[in-house]
Structures are given as C-alpha cells and as structure tokens.
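**Student:**
Residue numbers (the working numbering): 1 to 177.
#1: Which same chain residues, not among the five before or five after residue 163, have their C-beta less than 7 Å away from its C-beta?
#2: Compare the C-alpha of residue 148 against each of 127, 122, 109, 61 and name the closest.
#3: So what's residue 139 in DSSP terms, helix, strand or just coil?
#4: Restricting to runs no shorter than 3 residues, where is the beta strand (DSSP E) found entirely within the region 125-174?
#5: Could you round the C-beta distance between residue 119 and residue 81 to whole angstroms and report it? I think they count as a contact, below 8 Å.
#6: What first and last residue would you give for the beta strand (DSSP E) that runs through residue 47?
#7: Where residue 95 and residue 177 are concerned, what is the direct C-alpha to C-alpha distance, given to the nearest angstrom?
#8: Anyone know if the C-beta pair for residue 125 and residue 115 falls short of 8 Å?
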C-alpha cells in the first residue's frame, strides 16, 4: 500500500510540475509585438481578375509580374506600436489611357495586435494619408507574411484598345518578413 501511495504521490507531483497555470500563459510582456514587429516587403499584389498590364500576351493575377511599379512597397511594424507604410503604385490617366509609376508615398502611424500571437495575428494599422484623412489597414499575419485584403479596390488594367484604365475588384496584397 505504501508503494501505491508513493507512486500515486509521485505521479501527482510530476503532473503539477509539468502543467502550467493559465495565469502565466497570457502574460507575454510584449513578446507578441516583438515577434510581429519587423519589416515586411511586398511580394504579391493579387487582383480578382488577371490582367496583361505590360501587354506581353500573358495574363497574371499577381500584378508584380506585370509591372515593377509596386517594387519597394513595404510595411515596417515597430515593437513600440508605431509603423511606417511605404506604398509604390501606378497612376492611370484614364482620359489619355496612359500610366506611370508614382513617387513612393510614405505614411507614419500606429498599429495594435487585435488578437493572436507570434505567427498568427490580426493587426490594425492607422495612419493619415496625404489629405489628412484617417486610413485603417486590417492586416492578417500568418507565419512570416502579412496580408492586406481589400474589397472593391481599384487597380490598373487595360481596355480592349490597350489603354490604361482602372478596374474594380478584390485585391490581396501580401508582404513578407
């Protein structure tokens, strides 16, 4: 009987030392923000409908394969809750059917982790645009990628005559750390 009590006591003691308390599981002291923080460079600009913006005869859903105008776009999330957003894009003159790469736009703002930890999180980033209007990005972090999904967004396309136009549709912008 003593052997059974000793074995049972050892099992209970081992179980108590190997399990964690829920009160210390949620105290990350900001480590989630440190794991999220970093520089995320644009790797994909995916449009709902593929385009042949560079007119090479190949349709692509990923517009970074159609133009270099998006190169250099990035989001920098700092561990102190501040962020920098650099957006490079295409400006379309729909009257003339022409297009050009824009000068990079840079915005400063703040971000918060709305849920999740480490490799998976929902992030809200807020900044003022060039017109001093408040803009909010809702970003989803999975692994080392952040996705900015936009419904009914405007993106460059071509009409049947080859002129530059804007199309409307869903856009998925992916940044990678």
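Virtual Cβ for every residue (Gly too), placed ideally from N, Cα, C.
**Tutor:** From the atom records:
#1: So the qualifying residues of the chain are 97.
#2: The residue with the shortest Cα to Cα distance from residue 148 is 122.
#3: In this structure, DSSP gives residue 139 an extended state, which the three-state scheme calls strand.
#4: Those beta strand (DSSP E) runs which fall completely within the region 125-174 and span 3+ residues are 134-142, 145-158.
#5: Their Cβ separation, rounded to whole angstroms, is 19 Å, which puts residue 119 and residue 81 out of contact at 8 Å.
#6: The continuous beta strand (DSSP E) containing residue 47 extends over residues 38-51.
#7: As the crow flies, the alpha-carbon of residue 95 is around 38 Å from that of residue 177.
#8: No; because the gap between Cβ atoms is not below 8 Å, this pair is not in contact.
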